[in-house]
Structures are given as structure tokens and as C-alpha cells.
Amino acid sequence: MLPKLAALGAFAIAILAIVGSYGQMSALRLGQQSQPLYWPHRSTRLSGLRTNNTWKPSPNRSAYEGFQGGGIGVGK
Amino acid sequence: MPSKIQPLVTTQFTERSPLMALGALGLLGIALLIAPFFRRQLLSTGVYVGPEETVQLDPVQPRKGAIGALRIDVEAQLPSNAWSVFEVQVLDSQGNVLASAIKQVWNESGTWQEEGESGVWQEQDQAGRFDIRQAAIDGPVVVAISVLEQGSSTGQPLDSPVVYRVTVAEGVIDHRFLWSGAIGVLLVAALTTIAVKAAGQTVISEQINDSDLVGRGTLGGPNTLLRVIITVVSDETSPSKLTANLAINDSYGESVYRREVVIPLSIRREEGKVESARGSASVDLILDPRGSYGFSVAITPDGPVDHTFLTVKEGIRTLTPTAITYIQPSTEPA
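Quick note, the sequences are listed as chains A and B, same order.
Count the first sequence with my numbering and you get residues 1 to 76, in order.
Count the second sequence with my numbering and you get residues 77 to 410, in order.
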């Protein structure tokens, strides 16, 4: 019985994964105030928030200050 | 021998759940294979953008639909030892910003020397990606690249514009979900396999520092698969295989089944010399009806045998259809 439930579970995982990928569950949702599911690709993070129906650049937009490139020299 | 003995291959005890779980993996594979058919490239171009400058690209009109996302891929082509912070902006036809995302890119190279050897190294992270769910996009959108700041790794300012290669496509599927799903499905399939292999209760477990042993227990029944597992540990004079003479008796001590089982040995060597050998063999059978049965095992040749183990489990499940022996002792008194 338990292995059969596990097999059903495997199908449930597969269907959730397909819904997530084809429905782009973690892409940016236009027109929504909060983006709890946003999952950045290649560390491309959001730089704003939607408030009062307009996109407001995020206050931490200048958080890149101090960025001097990555690579081997970082952290020295 | 008055018992009815019938060898047969049956699927009665086969547990197909692990195979079914792997079927879910096939579903994910199909989803991965057909994903490219939903993708359509809308724009592919290269633009020069200087520091604190914003360049708008041609408007694109993604189709309406719930499937996929508008994917904006931006790859900077920085000179060596330079970095840049750019923003990908998505604007509506009136020029209002709908969304934006930031990426920090860099490209560095140099030389290395170690123990008289030397060479050049080059490392980079120059690609950004921004996905926007297609379902909520209505009307044409304009993609703009805005460079917020750029410089060279040595701290010098970098004033010359940098090329950004931009690709915009619609109907793009997020593969990360499929890969995570595949890992999840494989884990479940592995757990199911382990559960099937571990199924069954040990009824008899005997061991002796000799070659002959017996065990008795109440077991069997028409719908219960039994597995008799014989394990032998033998010394350095072991041949490549041993033979176990398995005999099963009913509650009166009458023999109901006899069989010779070949046990192949795997030899353990130490510094080229045979140290010891170990081997195991199992027999799957049904004993109908349920009752008290005695199992006796005698290993031949018995000279090299140090230890013999006898385990009988009932309620076994198998992954594939298995060859078993159906044994029905005669009900007539012998």
C-alpha cells in the first residue's frame, strides 16, 4: 500500500513541476504588488516594487555601490 | 515424495510501484522535450550603452496566453578587467516602467605562476536573465538597458560604451522546476525500491559455526511468498562455489521438499593470499498451507565452512516477475 502511495506522490511531484515550469510560477508577475515567488535567474534581482499602480525603483537600487567586479580578487 | 511441487514464474508478488514512480520521470522528460515548441524569439540585437545611459529597443508584442514567460536575456561584452551594473527595464507603450531588474556583471583575467609553471586565467559572469509571466502582459512592451555604473577592476572609471547582446523570447518555460521535479521523483522511486526490497518479516534466523543447521517456524500460506536465504563464510581452502542441500519438513517431520542450491563464493584476499570467502544464495517459494515447517541446511563440501546462516522471511515483494517454487505437501498421512 505504502509503495503505491509513494508512486502517486511521484506523479504529484511531476505534475506540480510541470505546472510550475509551464505556468512560470517564479517569474515576475506584472501588476502585482508583492512578488513572493520571484526566483531570480543568474542573480538578476528585482530593482523595484509596484506601489499605487506604478513601478517604484527600489530604495536599495544603489545597493550595487561598492561592487567592484567579482572573480579571484574578491574577498582579498 | 508425496508433495505437489510446481516451479512457476509469477507476478502475484511483484510490486510495480517503483516502475510507476519512474513513469512520472517520463512525464517530466516529455515536458522538457516539448518545451522548445512553445518558445518564439521576438528580438535579438546588440546595443552600445554607455555609463548612466539608457537605450530602448524596438517594441515587442508577446501573444496572450497562460503558458510561459517573456524572457529577456542580456549578455554584456565587457573588456577585460571591467565591471558594470545594468538594469533591464520593461516599459509600456507610453514609456512607463512596468518592471526592472538589476544585474552586476564582471570580466577578469590575469596570469598565474606556480612551481615554475605559468598561464593565463579568465573568469566572468556577464549574463543576466529576467522572466516576466506572460499571462499578465497586455499590449506591446519596450525593453530598455540602463547602465547604472561601470568601471575597471583597478578602480579606474570606464567611460566607453559596452556592447550588450539582448535576446527577447516569448513562451519560455522555466526548466528549473523540471530539474527539481526530476530529483524529487528519483528520490521517491529510490525510496519505493528500498521499501519493496525491505518488505517481509524474518521468521527464522539461525547461525552456527559449522556447516549444518536447522530452524523451525510457523509460516507459509497460499498468498505468502517465502525467501530462504543461505549465507556461508568459509576459510582459505574454499573452492569457487559450495553446494547447500536444503530440505523442508512438515510438522510431522516428513520431508516435503529437497533441493540443491549452488552458492557462488566471493573470495577475500589479503596481500595476494586467500583470507576467507563469503557467499549467499536465496530460494523463493510458497508453502501451502500455512503451518509449522522445519528447514535444514547442509553445506558440501563441509571442510572449509566456518559459519552458516539461515534466514527465512515471509511476505516478500519482488520488483520483477520472479521464478518461484510452489509446494503443497500431501494432506494424506504418509
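We put the CB at the ideal spot given by N, CA and C, even for glycine.
At a cut-off of 8 Å, the C-beta of THR51 (chain A) has no neighbouring C-beta in chain B. Judged by DSSP in its simplified three-state form, THR387 (chain B) adopts strand. At a cut-off of 4 residues, the continuous stretches assigned as alpha helix (DSSP H) that sit fully inside the stretch 213-278 of chain B are 251-274. Of B:ILE221, B:ASN157, B:GLN210, B:GLY348, the smallest CA-CA separation from GLY141 (chain B) is found for B:GLN210.
At least 8 Å separates the beta-carbon of TYR333 (chain B) from that of ILE259 (chain B).
Straight-line spacing of the CA atoms in ASP360 (chain B) and VAL308 (chain B) works out to 18 Å.
Counting the other Cβ atoms within 10 Å of the Cβ of ILE110 (chain B) gives fewer than 16, which makes it exposed. Identification of residues in the stretch 249-260 of chain B having a C-beta nearer than 8 Å to some C-beta of chain A yields ILE249, ASP250, HIS251, ARG252, PHE253, LEU254, SER256, GLY257, ALA258, GLY260, given in sequence order. By the neighbour-count criterion, in which a residue is buried when 16 or more other Cβ atoms sit within 10 angstroms of its Cβ, TYR328 (chain B) is exposed. Separation of the CB atoms of SER256 (chain B) and ILE375 (chain B) is rounded to 51 Å, and the pair is thereby denied contact status at 8 Å. Secondary structure at LEU101 (chain B): helix, using DSSP grouped into helix, strand and coil.
The way I'd put it, the stretch 243-253 of chain B doesn't touch the stretch 338-352 of chain B; fewer than three beta-carbon pairs between them come closer than 8 Å. Not a single C-beta of chain A is nearer than 8 Å to the C-beta of PHE113 (chain B). In the DSSP annotation of this structure, the continuous segment of the alpha helix (DSSP H) that includes VAL19 (chain A) starts and ends at 2-22.
Contact between the stretch 237-245 of chain B and the stretch 106-122 of chain B is present: 3 or more CB-CB pairs across the two stretches fall below 8 Å. By the CB criterion at 8 Å, ALA203 (chain B) and GLU151 (chain B) fall inside the cutoff. Cβ contact annotation for ASP207 (chain B) (same chain, cutoff 6 Å, sequence separation greater than five): ALA145, ARG147, in chain order. In this structure, the CA atom of ASN325 (chain B) is about 12 Å from the CA atom of THR294 (chain B).
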